[in-house]
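Below: one structure, written as structure tokens.
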Amino acid sequence: MTVSFAPIWAVDVIGSILMIVLSILCFRLARQLKRREADNIMWTYLVWICSALTIFAVSRSAGHILKQILLLTGSPHLWASISPFSGAVNTFTFILVGGLTLFFERTWDINQEVIQDRRSLQNAHSELLYLNENLERLVTERTEELALSEQKYRGIFEASRDMILVTAPNGRVVEMNPAGYQMLGFQSLKNENGEANSRDFFSSPKDCEGILSSINAKGFVSNIEMDLKHTDERRIRSLISGSLDQGAAERDSTIHFLVKDIEERRRIEEQIAQADKLASIGQLSAGIAHEINNPLGVMLGYTQLLIRQTKEGSETFQDLKTIEKHVRNCKTIVEDLLHFARTSPPKETTIRIDAAMDDVLNFVRQHAEMERMQIIREYDPSVLEMRLDEKKMKQVFMNLIMNARHAIGETGILTINTAYNPEGKSVEIRISDNGHGIDKQNLSRIFDPFFTTKPTGEGTGLGLSVSYGIVKNHGGDIRVESIPGEGSTFAIILPVVPPNISDESKIDGKIAADR
Numbered sequence: 151m152t153v154s155f156a157p158i159w160a161v162d163v164i165g166s167i168l169m170i171v172l173s174i175l176c177f178r179l180a181r182q183l184k185r186r187e188a189d190n191i192m193w194t195y196l197v198w199i200c201s202a203l204t205i206f207a208v209s210r211s212a213g214h215i216l217k218q219i220l221l222l223t224g225s226p227h228l229w230a231s232i233s234p235f236s237g238a239v240n241t242f243t244f245i246l247v248g249g250l251t252l253f254f255e256r257t258w259d260i261n262q263e264v265i266q267d268r269r270s271l272q273n274a275h276s277e278l279l280y281l282n283e284n285l286e287r288l289v290t291e292r293t294e295e296l297a298l299s300e301q302k303y304r305g306i307f308e309a310s311r312d313m314i315l316v317t318a319p320n321g322r323v324v325e326m327n328p329a330g331y332q333m334l335g336f337q338s339l340k341n342e343n344g345e346a347n348s349r350d351f352f353s354s355p356k357d358c359e360g361i362l363s364s365i366n367a368k369g370f371v372s373n374i375e376m377d378l379k380h381t382d383e384r385r386i387r388s389l390i391s392g393s394l395d396q397g398a399a400e401r402d403s404t405i406h407f408l409v410k411d412i413e414e415r416r417r418i419e420e421q422i423a424q425a426d427k428l429a430s431i432g433q434l435s436a437g438i439a440h441e442i443n444n445p446l447g448v449m450l451g452y453t454q455l456l457i458r459q460t461k462e463g464s465e466t467f468q469d470l471k472t473i474e475k476h477v478r479n480c481k482t483i484v485e486d487l488l489h490f491a492r493t494s495p496p497k498e499t500t501i502r503i504d505a506a507m508d509d510v511l512n513f514v515r516q517h518a519e520m521e522r523m524q525i526i527r528e529y530d531p532s533v534l535e536m537r538l539d540e541k542k543m544k545q546v547f548m549n550l551i552m553n554a555r556h557a558i559g560e561t562g563i564l565t566i567n568t569a570y571n572p573e574g575k576s577v578e579i580r581i582s583d584n585g586h587g588i589d590k591q592n593l594s595r596i597f598d599p600f601f602t603t604k605p606t607g608e609g610t611g612l613g614l615s616v617s618y619g620i621v622k623n624h625g626g627d628i629r630v631e632s633i634p635g636e637g638s639t640f641a642i643i644l645p646v647v648p649p650n651i652s653d654e655s656k657i658d659g660k661i662a663a664d665r
């Protein structure tokens, strides 16, 4: 049986033609993709593969068709001559495809990195475009934020009630807030050398050097008590903290100080200590006075009996009078101690300060040889009537005026003035003299019981202590300012409406003899 090869030939020819057509279509599509993304190495690889496949398809299909034609025309020997060339072309095509695949496989990683870099560049380009378009707005927003931050911290700096000081590490003052100017009394940070140094603010420059050394070594100091110096040479007790702010460069470093004025706190602490001291001494004095008072009474009584029985003018009579005098002085001191130790609330009545002061001045003029003394009265008419214990307040005025008379002698100047403070709702009474003043080392002891600068026998040292207690019992305060060689000023500050002070909180004090 003879089998016909016609169907096989037909399939071979038609398949070869279709293979050529499909490979050419694939090549065209690959080129179109390549044109769209010329930098995509995948499309380049696809173009080369499609080209190789097209060559293979043309070579193989042409060979198959040519073979059938030669066999049909009876020329098989011619095909035998051409067949090796067709096989060589096919082999070359496969080698080309393999070579292309190996080449593009090696360049794939590089291509991916290139693509990633390109995307990064594109993103950076987009960001640059965004920044370029919005730079002015961003700069404006950032500037506003910085301005708000500067305004906030500047407000804290300016409004602080405590002194804020910024200096260089060597102490050169960079900046100081208004509280610092007010605290130290400075109008400007310029001095004779052109610029201020923090050493100018301390009572002792060595104190400042010690603080600067500690900060530069440790980076900070905390709550150090030292005396600063006001422009009027007054000392201000202060609590100092500071820290070193390291700048980008060493020359940009600064020291930031926070300084609290604790002068008022120290004054209150001294008042509390004084009150405790007065209370302790009062208890001790009461016990001693009671034990001494009775024997003194017996001594005085027997001395007076002996005086009556002794002839006046005799030596014995004079000796007995001397004993009587000194026993009376002792009894006066004991009575002062008892008065000092007793607690009694003020018996308030409505009085005028100027009238009470005039009564005291009229009395001492008649009994204290003050005719040649110049007395200056400066009464504030706005000081109205006040609720005070008239008897005790007159005793305070008496003690202060007599102390002034002792300080200035018979020909000095005594100045008395009153002033109403509407903000503090208080009245200030100042008694000043141009006498010898009080030494600085004695100022802190001036209100201590039994402390006196008078010669022995001329004062008990209780006058100012009693006055201190009386003023405190009225809810007020008493202060002293003195310059040796120029004079002293005692200031009494009384509330216009005295607070209700409980008996437990009142400071012992009552009328006593002159210091």
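Just so you know, we're using this note's numbering here: the sequence shown kicks off at 151 and counts up by one.
Heads up, the beta-carbon is just placed ideally off N, CA and C, and yes, glycines get one too.
Exposure label - residue i; buried when at least 16 CB within 10 Å
| i | result |
| --- | --- |
| residue 599 | buried |
| residue 333 | buried |
| residue 370 | exposed |
| residue 346 | buried |
| residue 326 | buried |
| residue 195 | buried |
| residue 475 | exposed |
| residue 659 | With a pLDDT of only 39 at residue 659, under the threshold of 50, the placement of this residue in the model should not be trusted; the figure read from the coordinates follows. Its Cβ being crowded by 16 or more others within 10 Å, residue 659 is buried. |
| residue 451 | exposed |
| residue 484 | buried |
| residue 329 | buried |
| residue 298 | exposed |
| residue 202 | buried |
| residue 411 | buried |
| residue 305 | exposed |
| residue 418 | exposed |
| residue 354 | exposed |
| residue 264 | exposed |
| residue 323 | buried |
| residue 596 | buried |
Which listed residue (the options) has its alpha carbon closest to that of residue i
| i | options | result |
| --- | --- | --- |
| residue 204 | 382, 189, 174 and 225 | 174 |
| residue 558 | 577, 580 and 587 | 587 |
| residue 405 | 363, 439 and 477 | 363 |
| residue 508 | 522, 532, 543 and 478 | 543 |
| residue 482 | 249, 446 and 468 | 446 |
| residue 625 | 596, 439, 538 and 534 | 538 |
| residue 593 | 637, 580 and 568 | 637 |
| residue 510 | 581, 473 and 303 | 581 |
Supposed contact pair residue j and residue i - C-beta distance, whole angstroms, cut 8 Å
| i | j | result |
| --- | --- | --- |
| residue 501 | residue 536 | 6 Å |
| residue 583 | residue 634 | So it is not a contact: roughly 13 Å between Cβ atoms. |
| residue 645 | residue 575 | 7 Å |
| residue 349 | residue 387 | Contact doesn't hold; Cβ gap of about 18 Å is too wide. |
| residue 376 | residue 390 | 6 Å |
| residue 166 | residue 210 | 7 Å |
| residue 193 | residue 184 | 4 Å |
| residue 378 | residue 407 | Wrong, their Cβ atoms sit about 11 Å apart, outside the cutoff. |
| residue 570 | residue 532 | 5 Å |
Own chain, CB closer than 7 Å to residue i, minus 5 neighbours either side, in chain order
| i | result |
| --- | --- |
| residue 466 | 460 |
| residue 307 | 314 and 327 |
| residue 207 | 169, 170 and 173 |
Own chain partners of residue i with C-beta closer than 6 Å, once the 5 adjacent residues on each side are dropped
| i | result |
| --- | --- |
| residue 524 | 563 |
| residue 656 | At residue 656 the pLDDT is 40, less than 50, meaning the model places this residue with poor confidence; the figure from the coordinates comes in the next sentence. Excluding sequence neighbours, residue 656 sits near 623. |
| residue 455 | none |
| residue 504 | 529 |
| residue 546 | 617 and 620 |
| residue 591 | none |
For residue j and residue i, the rounded distance between their alpha carbons
| i | j | result |
| --- | --- | --- |
| residue 361 | residue 395 | 15 Å |
| residue 549 | residue 310 | 42 Å |
| residue 617 | residue 639 | 15 Å |
| residue 529 | residue 578 | 11 Å |
| residue 321 | residue 294 | 33 Å |
| residue 540 | residue 499 | 7 Å |
| residue 161 | residue 168 | 10 Å |
| residue 227 | residue 241 | 22 Å |
| residue 601 | residue 612 | 7 Å |
| residue 190 | residue 261 | 8 Å |
| residue 413 | residue 573 | 21 Å |
| residue 177 | residue 164 | 20 Å |
| residue 186 | residue 179 | 11 Å |
| residue 319 | residue 372 | 17 Å |
| residue 279 | residue 338 | 51 Å |
Same chain, Cβ closer than 8 Å to residue i, neighbours up to 5 away in sequence not counted
| i | result |
| --- | --- |
| residue 335 | 380, 381 and 382 |
| residue 627 | 421, 621, 642 and 643 |
| residue 514 | 520, 548, 551, 552 and 555 |
| residue 281 | 288 |
Heavy atom of the ligand HEM within 7 Å of residue i beta-carbon
| i | result |
| --- | --- |
| residue 163 | This structure lacks the ligand HEM; in fact it carries no ligand of any kind. |
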